[in-house]
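Let me begin by presenting the structure, written as structure tokens, before commenting on it.
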């Protein structure tokens, strides 16, 4: 057996012809480039996910805070004032920083506190309170929409989820019996 036959037996055709040989260094380099590109993509995705979660974090906190308020103060008449204070704090922490016109939320929260005092004193029923809050909220959201139409577009982007939830809350359905759902506060 000659050297050609031995080379073929050991490595086949690639052992004889240098053009057929696999060069392992560029192959490893390709793997390194692919891994690097995937790492860059994962980094971009991770950053985007972190920013997205940061934006959604306030909305999750709003929903959780409102649920905590409902659970901590289940009696809407006897505990009306502390429950209203809890709801005001929750909206101020999660919704107010994202609003372009926070004075509108302040107006709604002032009404909420005043009505809570009246409910606990027995001067206003829960249905009347819910009706007044629903009407005021509807007027405030309409005023916000009007102000946003007149405002420059540069500050208007996609609203955070907490703001969207606040805008959709306290509908007319909240003024009926059973208005203690997560959207009625």
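Numbering (the UniProt record's numbering), first residue to last: 1 to 185. A virtual CB, placed ideally from N, CA and C, is assigned to each residue, including glycine.
Remark: C-beta atoms of residue 173 and residue 119 do not approach each other more closely than 7 Å.
Annotation for residue 184: no alpha helix (DSSP H) segment contains it, and DSSP assigns it neither H nor E. Secondary structure note for residue 172: it is in no alpha helix (DSSP H), with a DSSP letter that is neither H nor E. When Cβ pairs closer than 8 Å are counted between the two stretches, the segment 72 to 92 is seen to touch the segment 120 to 130, the count reaching three or more. C-alpha of residue 143 to C-alpha of residue 71: approximately 32 Å in a straight line.
Here residue 137 is buried. Its C-beta has 16 or more other C-beta atoms within 10 Å. Here the alpha carbon of residue 158 sits roughly 28 Å from the alpha carbon of residue 111.
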